[in-house]
RNA sequence: CCGCGUAACUCGUCA
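Numbering (our numbering), first residue to last: 86 to 439.
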């Protein structure tokens, strides 16, 4: 039914895995799981909520996958940069349309194979604005700003997304003059155009102008609010930051991470750690960014034991794989507190490179 | 209007 479709979309948009699972269970109960249309939505929902396994499980249960089933599954792998799985799906697709090709370009770009991505792009006969934007954003991501800007100039067609991607490339390359110019000359600004310029002003610490822009925006979403409360925190106004945070209708992982970061960066160790447990109480599972923030905070304050505890908890309780950065934080933490021996052991137990 | 691209949170050193 269309009611179910709405519910799945809602969970997908809110990135609410728990709610998504509930809806999935209800769909199973009603026997409507054989509606391919619903299954396709579930594949997408699980992907966006970060559960690749369940996404794949639903996909594998589809009797006769159609083009949407295939591309939904492909997009999940592409977004995560899982090139191997993406290739497998792409290879099995009975027909590969432009959308599938674009997704494959993204899969290559996200997995660090920018060269291959560009190659596919060059070989493609029916490129559209999405193909161009995918490559442009990937180039900017890797720091190839000049080539990215050149691509933008050569694009046959542009829309708000490609302009936003270009603006972000200018932000990253510190070309703020062009950011302003683009923003104010854009005819169709969407919410991402606004948040991009907010982020640009946050980056250079232009708080007053950021505030002005914030109030001029036609509507405010979670991204805008997060930028705003972080800006207050950056100014040392934790009170206001916290007040904004508590007003937010949906407090998801990123908002929590941002709040934790806000307190950490102002040196409020106790509150930082407390917030971490509040977050758990709200049923939000921490991710690797959360732990990196916490470890960095421990590092600055010198909380060796607690840092070590977080590191272990991250692996044992949350089944996260510590990255290069997590290890570096721990080594620095141990080293700074004079535990050179342990620091060395840590360094030795570190996986090669990343 | 079931699929692809853009925006917010993380340490390249608060020594």
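Built from N, CA and C at the ideal position, the CB exists for glycine as well.
Given the structure is predicted, the values throughout are model-derived calculations rather than measurements.
Through-space distance from residue j to residue i, alpha-carbon basis
{"i": "residue 308", "j": "residue 339", "result": "9 Å"}
{"i": "residue 349", "j": "residue 426", "result": "28 Å"}
{"i": "residue 266", "j": "residue 215", "result": "23 Å"}
{"i": "residue 421", "j": "residue 380", "result": "13 Å"}
{"i": "residue 202", "j": "residue 278", "result": "26 Å"}
{"i": "residue 86", "j": "residue 110", "result": "14 Å"}
{"i": "residue 386", "j": "residue 353", "result": "9 Å"}
{"i": "residue 282", "j": "residue 189", "result": "29 Å"}
{"i": "residue 305", "j": "residue 255", "result": "23 Å"}
{"i": "residue 242", "j": "residue 206", "result": "16 Å"}
{"i": "residue 171", "j": "residue 148", "result": "20 Å"}
{"i": "residue 88", "j": "residue 131", "result": "18 Å"}
{"i": "residue 212", "j": "residue 180", "result": "17 Å"}
{"i": "residue 330", "j": "residue 280", "result": "17 Å"}
{"i": "residue 359", "j": "residue 345", "result": "9 Å"}
{"i": "residue 204", "j": "residue 210", "result": "12 Å"}
{"i": "residue 245", "j": "residue 164", "result": "21 Å"}
{"i": "residue 322", "j": "residue 328", "result": "10 Å"}
{"i": "residue 276", "j": "residue 382", "result": "32 Å"}
{"i": "residue 325", "j": "residue 434", "result": "43 Å"}
{"i": "residue 234", "j": "residue 91", "result": "39 Å"}
{"i": "residue 100", "j": "residue 423", "result": "43 Å"}
{"i": "residue 150", "j": "residue 161", "result": "15 Å"}
{"i": "residue 430", "j": "residue 285", "result": "41 Å"}
{"i": "residue 218", "j": "residue 145", "result": "31 Å"}
{"i": "residue 436", "j": "residue 407", "result": "10 Å"}
{"i": "residue 173", "j": "residue 319", "result": "45 Å"}
{"i": "residue 367", "j": "residue 347", "result": "19 Å"}
{"i": "residue 273", "j": "residue 142", "result": "40 Å"}
Reduced DSSP secondary structure (H/G/I, E/B, other) of residue i
{"i": "residue 100", "result": "coil"}
{"i": "residue 249", "result": "helix"}
{"i": "residue 388", "result": "coil"}
{"i": "residue 423", "result": "coil"}
{"i": "residue 260", "result": "coil"}
{"i": "residue 224", "result": "helix"}
{"i": "residue 146", "result": "coil"}
{"i": "residue 274", "result": "coil"}
{"i": "residue 369", "result": "coil"}
{"i": "residue 166", "result": "coil"}
{"i": "residue 255", "result": "helix"}
{"i": "residue 201", "result": "helix"}
{"i": "residue 336", "result": "coil"}
{"i": "residue 182", "result": "coil"}
{"i": "residue 161", "result": "helix"}
{"i": "residue 176", "result": "helix"}
{"i": "residue 235", "result": "helix"}
{"i": "residue 325", "result": "helix"}
{"i": "residue 244", "result": "coil"}
{"i": "residue 304", "result": "coil"}
{"i": "residue 212", "result": "coil"}
{"i": "residue 405", "result": "coil"}
{"i": "residue 108", "result": "helix"}
{"i": "residue 123", "result": "helix"}
{"i": "residue 132", "result": "helix"}
{"i": "residue 154", "result": "helix"}
{"i": "residue 291", "result": "coil"}
Contact under 8 Å by Cβ, residue i with residue j
{"i": "residue 154", "j": "residue 137", "result": "no"}
{"i": "residue 104", "j": "residue 115", "result": "no"}
{"i": "residue 403", "j": "residue 365", "result": "no"}
{"i": "residue 185", "j": "residue 156", "result": "yes"}
{"i": "residue 224", "j": "residue 182", "result": "no"}
{"i": "residue 375", "j": "residue 351", "result": "no"}
{"i": "residue 175", "j": "residue 159", "result": "yes"}
{"i": "residue 221", "j": "residue 192", "result": "no"}
{"i": "residue 299", "j": "residue 313", "result": "yes"}
{"i": "residue 417", "j": "residue 384", "result": "yes"}
{"i": "residue 168", "j": "residue 140", "result": "no"}
{"i": "residue 409", "j": "residue 377", "result": "no"}
{"i": "residue 102", "j": "residue 135", "result": "yes"}
{"i": "residue 117", "j": "residue 93", "result": "no"}
{"i": "residue 268", "j": "residue 252", "result": "yes"}
{"i": "residue 333", "j": "residue 310", "result": "yes"}
Check your understanding: Quick check: the segment 252-260 against the segment 290-301, are there 3 or more CB pairs under 8 Å?
Key -> No, because fewer than three Cβ pairs between the segment 252-260 and the segment 290-301 fall closer than 8 Å, the two stretches do not touch.
Check your understanding: Counting Cβ pairs, one atom from each stretch, are 3 or more of them under 8 Å apart for the segment 379-397 and the segment 114-133?
Key -> The answer is no - the segment 114-133 does not touch the segment 379-397, with fewer than three Cβ pairs under 8 Å.
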